[in-house]
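S.K.:
Residue numbers (the UniProt record's numbering), protein chains in the order written: chain B, 1 to 304; chain L, 1 to 276.
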């Protein structure tokens, strides 16, 4: 996504940064910058003042496990009282909406259920849209979000992170449905994740890949960083993508994905963030902020 | 009989052929409960080739048991096949491991473990994956993955790379599908020992002292692994319409066999007829 600078008062800074980042001039009035030249909540984007909605990642951004990021509750209140719309978006394949909502309430975040949009919600939406009866390779807890969906005589396969389903028999059951023409829906395609013991654990991605290889099919991935995930998340808000900003700790899945969908993206240095993550995506993040409260300050200061 | 065979394409070359490689499962027999069943005509076809003095090897990606067990199973069905006529990935990978001084962490079927009896598995430095069947579950795969990514240079060796096979009239995911999972998880490519690796076909030919791969035929029911793999190595590749063959394999998007036959019996009859 292009980084637009319209105001001449920022040109000096821009020119300074041109020593570090290439600048392309695409018209007399506009300078397109291909990189981020700001750090710590200072970013001069001409369109950040037109933000109307904020998407917020949960784990690693608002809280880490059962501890809130310091000051995050108050920061969320400031954001909400500014009149900006908020949505809480997360890739989850195990935790249903209820669990996420309860945790946020317990941590003192004032959110509405209707403001939470997850990869499971997105998968349910796709299942309803396709009018299929899915075989759910999901843990029991996650099946809660599919209540009311018919699963008898399945003609589709939904794959999340499900250690209890990832066995030879269940995988083959899914494989045979796919070979008979069932669509393959992946909650998300993470390669692995890290547990508190410091070890890496296989994510759903490898098992989705295995089914893809076996059947020569491509899965429809519904979670972050897919473009459709971000578009679906704001569909009921009636706000355009360019007036939306995503805040998250995952450079690729949160920020990169949102920006590819046409949104702004703010990377926070909490959760899974590691130094240099911001350099792993192109275009770079709209801004890099220390944490969620700093990201909120940045957004609110851009509005005025 | 409507065969769809164009005899000229491969039959004219039969006179130059020095040896034949045949796949086992889906060509000699269909696997299933109680040892499976011989494909009609295949027992006699093998006997005819042997009686005619045609060098013959059985080239399989079977990794759920040892070559001795494979031979025993086939002989119980009525075949007359010796273990050293069978070329399989497990014995092949043992040579490969010794040659490269590799010590494997094994994710394989328990029944094939005797093939690895002489292999050092202490302090492993590579992951070897075979068709492990029920062993392919989250716990086992996760342990193998954690081991793989603990290596400085993760090395993944796959015994074949089949997508699926047929057993008891049911299609089942093959080793390649689970290796694809490891490849995706660790963001690496596996080294394949078995079909369709050219080295594996070469090794099979060497056991018959055949030095020119153009002078050999491979027949199998896997269009990509058997037929395509053999052709890449220079052999003639014949597709047989038994086993896991599905009509949708014909024509295939990128593999054009040198011929199609309805079964091994038809192939052998045509081969012997055109050899004279």
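Where is the CB? At the ideal position from N, CA and C, for every residue including glycine.
(1) Taking the straight line between their C-alpha atoms, what separation do you get for residue 211 (chain B) and residue 171 (chain B)?
(2) So the beta strand (DSSP E) residue 90 (chain B) belongs to, where does it begin and stop?
(3) Taking the alpha carbon of residue 80 (chain B) as the reference point, which residue from B:70, B:53 and B:151 has its own alpha carbon closest?
(4) I'd like to know whether the C-beta of residue 202 (chain B) is nearer than 8 Å to at least one C-beta of chain L.
(5) Among all the DSSP beta bridges, which residues are the ones paired with residue 128 (chain L)?
(6) Run through chain L and tell me which residues come within less than 7 Å of residue 183 (chain B), C-beta to C-beta.
(7) Counting only the same chain and skipping the five closest in sequence on each side, list residues whose C-beta sits under 8 Å from that of residue 10 (chain L).
(8) Using a C-beta cutoff of 8 Å, does residue 1 (chain L) count as contacting chain B?
(9) Kindly provide the ranges of any beta strand (DSSP E) runs that are 3 or more residues long and lie completely inside the region 236-262 of chain L, ordered along the chain.
(10) For residue 176 (chain L), go through chain A and note every residue whose CB falls closer than 7 Å to its CB, in chain order.
(11) Step through the CB atoms of chain L and report whether any lies within less than 8 Å of the CB of residue 176 (chain B).
(12) Determine the direct distance from the alpha carbon of residue 135 (chain L) to that of residue 121 (chain L), and round the result to whole angstroms.
(13) Quick check: the region 161-177 of chain B against the region 129-148 of chain L, are there 3 or more CB pairs under 8 Å?
(14) In or out: residue 22 (chain B) buried (at least 16 other Cβ within 10 Å) or exposed?
(15) Provide the residue(s) that pair with residue 159 (chain B) in DSSP beta bridges, ordered along the chain.
(16) Just how far apart, CA to CA, sit residue 26 (chain B) and residue 303 (chain B)?
(17) Which residue from L:275, L:186 and L:256 puts its Cα closest to that of residue 152 (chain L)?
(18) Measuring only the C-alpha atoms, how far is residue 20 (chain L) from residue 274 (chain L)?
(19) Does the region 85-98 of chain B come close enough to the region 116-127 of chain B that 3 or more CB-CB pairs lie under 8 Å?
(20) With DSSP as the reference, label residue 2 (chain B) as helix, strand or coil.
(21) Is it a yes or a no for the region 91-98 of chain L touching the region 36-54 of chain L, going by three-plus beta-carbon pairs under 8 Å?
(22) Pick helix, strand or coil for residue 298 (chain B), following the three-state DSSP scheme.
(23) Output the boundary residues of the alpha helix (DSSP H) element that contains residue 81 (chain B).
(24) Quick one: which chain L residues come within Cβ less than 8 Å of residue 126 (chain B)?
(25) Where residue 110 (chain B) and residue 130 (chain B) are concerned, what is the direct C-alpha to C-alpha distance, given to the nearest angstrom?
(26) So what does DSSP say about residue 31 (chain B), is it helix, strand or coil?
(27) Between L:124, L:181, L:85 and L:183, which lies nearest to residue 100 (chain L) when the distance is taken from Cα to Cα?
(28) As a quick exercise: from L:57, L:105, L:243 and L:224, pick the residue whose alpha carbon is nearest that of residue 254 (chain L).
(29) On a Cα-Cα basis, can you pick out the residue from B:59, B:189, B:83 and B:255 that is closest to residue 220 (chain B)?
M.R.: According to the structure shown:
(1) 8 Å
(2) 85-90
(3) B:53
(4) yes
(5) L:106 and L:157
(6) Within 7 Å Cβ-Cβ: nothing; residue 183 (chain B) doesn't reach chain L, min ~18 Å.
(7) 217, 236, 238, 258 and 259
(8) For residue 1 (chain L), the pLDDT reaches just 41, beneath the cut-off of 50, and the residue's location in the model is therefore unreliable, although a value from the coordinates is still provided. Not an interface residue.
(9) 236-240 and 259-261
(10) Among the protein chains of the structure shown, namely B and L, there is no chain A.
(11) yes
(12) 18 Å
(13) yes
(14) Caution is warranted here: a pLDDT of 33 is assigned to residue 22 (chain B), below 50, making its placement in the model unreliable, and no coordinate value can be reported.
(15) B:137 and B:186
(16) The pLDDT assigned to residue 26 (chain B) is 35, lower than 50, so where the model puts this residue is not dependable; a value taken from the coordinates is nonetheless given after this. Cα-Cα distance, rounded: 26 Å.
(17) L:186
(18) 15 Å
(19) yes
(20) Only weak support exists for where residue 2 (chain B) lies, its pLDDT of 36 falling under 50; the value from the coordinates is given anyway. Three-state result, residue 2 (chain B): coil.
(21) no
(22) helix
(23) 72-81
(24) By Cβ distance, chain L contributes nothing, its closest Cβ being about 22 Å from residue 126 (chain B), past 8 Å.
(25) 34 Å
(26) Residue placement at residue 31 (chain B) cannot be trusted, given a pLDDT of 34 that sits under 50; what the coordinates show is reported in the next sentence. Note: residue 31 (chain B) maps to strand in three-state DSSP.
(27) L:124
(28) L:224
(29) B:189
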